[in-house]
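Novice: This is the structure I have questions about; it appears just below.
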Amino acid sequence: SRWCLITSHKLYSSGYDPNEKTFEKLLIANRGEIACRVIKTCKKMGIKTVAIHSDVDANAVHVKMADESVCVGPAPTSKSYLNMDAIMEVIRKTRAQAVSLNVSICCSFLSSLSLQASEGVTFIGPDTHAIQAMGDKIESKLLAKNAKVNTIPGFDGVVKDADEAVRIAREIGYPVMIKASAGGGGKGMRIAWDDEETREGFRFSSQEAASSFGDDRLLIEKFIDNPRHIEIQILADKHGNALWLNERECSIQRRNQKVVEEAPSTFLDPETRRAMGEQAVALAKAVKYSSAGTVEFLVDSSKNFYFLEMNTRLQVEHPVTECITGLDLVQEMIRVAKGYPLRHKQADIPINGWAVECRVYAEDPYKSFGLPSIGRLSQYQEPLHVPSVRVDSGIQQGSDISIYYDPMISKLITYGSNRAEALKRMEEALDNYVIRGVAHNISLLREVIVHPRFVQGDISTKFLPEVYPDGFKGHKLTDLERRELLATAVSLYVAEQLRSQRFLGTPRIPIAKSKRSSWELSVRLGDGIYPVAVSKDGSSFSVEVDGMKLNVTSEWNLASPLLSVTIDGTRRTIQRISRNASGETSIQFLGTVYILQILTKVAAELSKYMPEKAAEDTSSILRSPMPGTVVAVSVKPGDMVSEGQEICVIEAMKMQNSMIAAKTGKV
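Here is the structure:
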C-alpha cells in the first residue's frame, strides 16, 4: 500500500516466480526505513524475517513488521546494531539462512559469518573481498585507476597526522577534501581551504571516522569546486553479468549529505550516461562484484566525471531507480545471493518517466540547513492519498526520534511521466505531510523543489549555500501570498468562533443574539499589523486586505490536521499547527510555518498597553543548538577565551560539532 503503483512497469516490478526457491528465513541486521523496506520484499517472496533491535527500539515499526524479533543490546549502536557477537548468536538461535547487514559492520562481520558457511548462512550482498576493497576509499581508488575509471587527483596513501595532512594539502593545492577511508554518508568528511582548516578537519574527521566506522584512517584528494554529484546504480550476479541501471542526481546536499535526489539527471546526455555506466560496470567486474551497488561520481560543468567512491549496499535513494526502471532491487539482491543469474540484459533497462525523492529529517532547517531535533511524533500522517506517492519510513505516530540514531523520518518519493509532473506531485505531497512533535525540514525541501534554479536543473553540490548565503530563512511571501495567508488565517479564526457558539449543531444559548455576518480584525504577521474585514456568505468568507477583496472557501473541518482552502480559485493545503488564548496561531502555508496574532479591533487597541517580554541575553552562555553528547571540553574554569575560540565538542547523530565562544570573556 505504500508503493507508487505504476502499471506500465508491471513487466519488471511484479516478476516474482513463486517456484524460484530462495531462503526460508532472513535476518535483518538493521533498523528504520531500510529494515522495513527489506521486510516488504521478503513478505512478497514468502520469506520469513527476523528483526534485531536495541532496547529502546522494542516497539519500532520494523520489529512489528518482522515475523520474529530479538533484542541485541542497549541503545548505543556499538552495543546493539553493531554488536557482532550478539548478532551471530541471534543467527544461530533463529536458524536464519540469510542475513542482510548494516554496511558499517559488513567487513568485520563477514569474517565471522564465513565461520557459519557450513551452517548454510548466506550474506545478502557482495562477497568479503568486494566490500573490503570498495569500503576502503584508498584501495578503491587504486582499483578504479587500474580498471580505467576516471579518478580525482590526490594522495593515494593513509595520512598519518595533521602535519602530514598540511604538507599533502599544499602539494595537491587547496581546496582539498579530507575524508575517512572507511567512511560514507557524509561522516568523517571536511573541506579545507587553508592550513588551519586542514588541521582542524584532520582532527574532526578522524574522530568521526573512529566513532562511526571504528577506523580513523584518512585520505586527502583535490576538492572539485562546484561539481554535480551523480551516481550510477549497478546490479551484478555471480556469473559475470553486470548491468548499469541509469543514474541518480544527488547534488542537493548539506554537510556532504544528500537531501533531494532524482532519476534521471537533467544534465546527462545519452553518451555521457553510457560512458559513466560502462565505467561503473568495469569497476564492478574488476572486483568480482555480485549484488546491487552504487558507483558515485563528481561531474564538472563540461561533463567530465571522476570516480568518488563505491557503496556496497542498498543506497537510501534507491527508490527513484526502482520507479523509473520498475525493478525491485531488494528482490534482485536476494536472487543474486541465492546464485541465480540476472533476468535482464542491458537493453531491457528503461528510463520510464521521472522520480524525485526528498529525505524528510527531524531537523531544524533554520540552523545550518538542518541540525538534529529529538522528540516524540505526537501526530504523524503520510501523504499516501496523493497519486503516485511512495513513502519509505520506519516510524509511526508515537515513535521517538532519539539522539542515538540517524534523524531520518522517511523518504518521500513521487513519480510522474516527466520531471514537471513529478515535482508538482512532490509539492502537493509535502503540503499534505503531517508531522508534529519534532522539528522537520519540510519547509526547506519544498523551497528547494520550487526554486527556479532547481526547476531549470541549474544545480550543483553548492546549491544550498549559493541560494541561501545567509542561511535558510523559510519561504519569503510575495504580496499576493501574504494576502492569501492573512485571508486564510482570519477565515479560519471566524469559522472557529462560529463553531464555538454551537453544540451538536444547536446554538448553546437559545436566546443568543442573531448570528454575526461581519467582523473587523487586526492581524500581526512578522513586523506588520494589518486591519482585515471579514464577512460570511454560506460556507465562504469575503475578506478585505490592503483594500483588496478575496473569496475564501473550504469545508472548514477544524478537527482535521489538513485543511484544503480555495482562495480566489487557487487551491491551497494548509495546516494549523497551534493556537493559544492570546490570539496567536501558527499556520503551515507553502511549507513554512508562520506565526500570526489575530485580535478583534478592540483587543488590538488595548494590546499596546501590554508590556513586552525582554529578550534573554545569551551572549555569556554557551548553549548547544542540538541534543547530543559532550565528547571533549577544551577549556577549564578561569580560562580567558576569545570570540570564536572552541569551548567544547558535541557529538549528535554520529556527527561532531565544535561549539565556540560568542564573545571574549572568562570561563
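One gets our numbering by counting positions in the sequence shown from 1 and adding 1186 to each. Note that beta-carbon positions come from the ideal geometry of N, C-alpha and C, so glycine has one too.
(1) Count the other CB atoms within 10 Å of the CB of A1608; is the residue buried (16 or more) or exposed (fewer)?
(2) With respect to the beta strand (DSSP E) encompassing G1259, which residues constitute its N-terminal and C-terminal limits?
(3) Between the C-alpha atoms of C1292 and L1563, what's the straight-line distance to the nearest angstrom?
(4) Does the segment 1639-1647 come close enough to the segment 1435-1442 to have 3 or more Cβ pairs within less than 8 Å?
(5) Below 8 Å between beta carbons: does that hold for S1721 and S1740?
(6) Grouping DSSP H, G and I as helix and E and B as strand, with all else coil, what is S1477?
(7) For the alpha helix (DSSP H) that E1791 lies in, which residues bound it at each end?
(8) How about the segment 1535-1547 and the segment 1630-1640: do they share at least three Cβ pairs that are nearer than 8 Å?
(9) Considering only residues of the same chain and omitting the five flanking positions on each side of S1451, which have a CB-CB separation below 6 Å?
(10) Per DSSP, what are the beta-bridge partners of W1379 in this structure?
(11) Using a threshold of 8 Å, state whether the C-beta atoms of I1406 and V1362 are closer than that.
(12) Can you tell me which residues form a DSSP beta bridge with F1775?
(13) For D1260, I'd like the list of residues in its chain whose CB is within less than 7 Å of its CB, leaving aside the five on either flank, ordered along the chain.
(14) Mapping DSSP to helix, strand and coil, what is H1248?
(15) Under 8 Å between the Cβ atoms of A1472 and L1500?
(16) Please return the same chain residues whose Cβ sits closer than 7 Å to the Cβ of P1527, not counting the five positions on each side in sequence.
(17) Quick check on H1530: does DSSP put it in helix, strand or coil?
(18) I'd like to know whether the C-beta atoms of T1815 and Q1517 end up nearer to each other than 8 Å.
(19) Do V1485 and P1558 come within 8 Å of each other at the CB atom, strictly closer than that value?
(20) Rounded to whole angstroms, how far is the Cβ of V1854 from the Cβ of V1827, which I believe are closer than 8 Å?
(21) Quick one: complete alpha helix (DSSP H) runs, 4+ long, within the segment 1448-1495?
(22) Which residue marks the beginning of the beta strand (DSSP E) containing V1224, and which one marks its end?
(23) Where does W1430 land, buried or exposed, given buried means 16+ other C-beta within 10 angstroms?
(24) Less than 8 Å separating the beta-carbons of A1348 and G1374?
(25) For I1420 versus C1509, is the C-beta spacing smaller than 8 Å?
(26) In this structure, how does DSSP classify Q1393 when only helix, strand and coil are distinguished?
(27) When DSSP labels each residue in this structure, what does M1594 get in the three-state scheme?
(28) To the nearest angstrom, report how far apart S1768 and H1571 are at their CA atoms.
(29) May I ask you to report which of helix, strand or coil DSSP gives R1765?
(30) Look up N1442 in the DSSP assignment and give the residues it is bridged to.
(31) Which residues mark the beginning and the end of the alpha helix (DSSP H) in which N1627 is found?
(32) Between the C-alpha atoms of I1595 and M1231, what's the straight-line distance to the nearest angstrom?
(33) Apart from the five residues on each side of it in sequence, which residues of its chain come closer than 7 Å, Cβ to Cβ, to N1150?
(34) Mapping the DSSP letters down to three states, classify A1215 as helix, strand or coil.
(35) Report all residues from its chain with a CB closer than 8 Å to the CB of E1613; omit the five preceding and five following residues, and keep chain order.
(36) Over what stretch of residues does the alpha helix (DSSP H) that includes A1330 continue unbroken?
Specialist: On the basis of the coordinates in this document:
(1) Looking up residue 1608 in the sequence shown gives position 422. When all chains shown are included, A1608 counts as buried.
(2) As a first step, residue 1259 is located in the sequence shown; it is residue number 73 there, counting from the start. Run containing G1259: 1254-1259, per the beta strand (DSSP E) assignment.
(3) Stepping through the sequence shown from its first residue, residue 1292 is reached at position 106. Stepping through the sequence shown from its first residue, residue 1563 is reached at position 377. Unreliable positioning characterises C1292 in this predicted model, as indicated by a pLDDT of 49, which lies under 50. A coordinate reading is not provided.
(4) yes
(5) The sequence position of residue 1721 within the sequence shown is 535, counting from 1. The sequence position of residue 1740 within the sequence shown is 554, counting from 1. No, the Cβ-Cβ distance between S1721 and S1740 is not below 8 Å.
(6) For the purposes of this step, residue 1477 is taken as residue 291 along the sequence shown, with counting starting at 1. Residue state, collapsed to three classes: coil.
(7) The residue you call residue 1791 lines up with position 605 of the sequence shown. Note, E1791: alpha helix (DSSP H), 1787-1792.
(8) yes
(9) As a position in the sequence shown, residue 1451 is number 265, starting the count at 1. Contacts found: I1416, E1433, E1435.
(10) As a first step, residue 1379 must be located in the sequence shown, where it is residue number 193. W1379 pairs with nothing; no bridge assigned.
(11) As a working note, residue 1406 is residue 220 in the sequence shown. As a working note, residue 1362 is residue 176 in the sequence shown. Going by C-beta atoms, I1406 is nearer than 8 Å to V1362.
(12) Translated into the one-based positions of the sequence shown, residue 1775 becomes position 589. According to DSSP, which records beta bridges pairwise, F1775 is partnered with T1778.
(13) In the sequence shown, counting from the first residue as 1, residue 1260 sits at position 74. For clarity, residue 1260 is Pro in the given sequence; the question names Asp instead. Only S1240, D1241, S1266 meet the Cβ criterion.
(14) Position 62 of the sequence shown, counting from 1, holds the residue named residue 1248. Residue state, collapsed to three classes: helix.
(15) The residue given as residue 1472 occupies position 286 in the sequence shown. The residue given as residue 1500 occupies position 314 in the sequence shown. Contact: no.
(16) Here residue 1527 refers to the residue found at position 341 of the sequence shown. Contacts found: D1423, H1425, N1427.
(17) If you number the sequence shown from 1, residue 1530 lands on position 344. H1530 falls in the coil class under three-state DSSP.
(18) Numbered from its first residue, the sequence shown carries residue 1815 at position 629. Numbered from its first residue, the sequence shown carries residue 1517 at position 331. No, the Cβ-Cβ distance between T1815 and Q1517 is not below 8 Å.
(19) Residue 1558 sits at position 372 when you count from the first residue of the sequence shown. Residue 1485 sits at position 299 when you count from the first residue of the sequence shown. The answer is no: Cβ separation not under 8 Å.
(20) Since the first residue of the chain shown is 1187 and the last is 1853, residue 1854 is not available in this structure.
(21) 1456-1472
(22) Position 38 of the sequence shown, counted from the start, is the residue given in the question as residue 1224. From DSSP, V1224 is part of no beta strand (DSSP E) but of the alpha helix (DSSP H) over 1218-1231.
(23) For the purposes of this step, residue 1430 is taken as the residue at position 244 of the sequence shown. Classification for W1430: buried.
(24) As a first step, residue 1348 is located in the sequence shown; it is residue number 162 there, counting from the start. As a first step, residue 1374 is located in the sequence shown; it is residue number 188 there, counting from the start. Not a contact, by the Cβ cut-off of 8 Å.
(25) Residue 1420 sits at position 234 when you count from the first residue of the sequence shown. Residue 1509 sits at position 323 when you count from the first residue of the sequence shown. No, these two residues do not count as a Cβ contact at 8 Å.
(26) For this step, residue 1393 is matched to residue 207 along the sequence shown. Helix at Q1393.
(27) What you label residue 1594 is simply residue 408 of the sequence shown in a count that begins at 1. If DSSP states are grouped into helix, strand and coil, M1594 belongs with the strands.
(28) Looking up residue 1768 in the sequence shown gives position 582. Looking up residue 1571 in the sequence shown gives position 385. The alpha-carbon atoms of S1768 and H1571 are separated by roughly 35 Å.
(29) For the purposes of this step, residue 1765 is identified with residue 579 of the sequence shown, where counting begins at 1. Correct three-state label for R1765: strand.
(30) Here residue 1442 corresponds to residue number 256 of the sequence shown, with the count starting at 1. None, per the DSSP bridge assignment.
(31) Mapped onto the sequence shown, residue 1627 falls at position 441. Looking at the DSSP string, N1627 is not in any alpha helix (DSSP H), and its letter there is neither H nor E.
(32) Translated into the one-based positions of the sequence shown, residue 1595 becomes position 409. Translated into the one-based positions of the sequence shown, residue 1231 becomes position 45. Going from the Cα of I1595 to the Cα of M1231 covers about 27 Å.
(33) The requested residue 1150 is not part of the displayed model; the chain covers only 1187 to 1853.
(34) Locating residue 1215 in the sequence shown gives position 29, counting from the first residue. Correct three-state label for A1215: strand.
(35) Along the sequence shown, read from residue 1 onward, the residue named residue 1613 stands at position 427. So the qualifying residues of the chain are R1632, I1635, V1636.
(36) Along the sequence shown, one-based indexing puts residue 1330 at 144. Per DSSP, A1330 belongs to the alpha helix (DSSP H) from 1323-1332.
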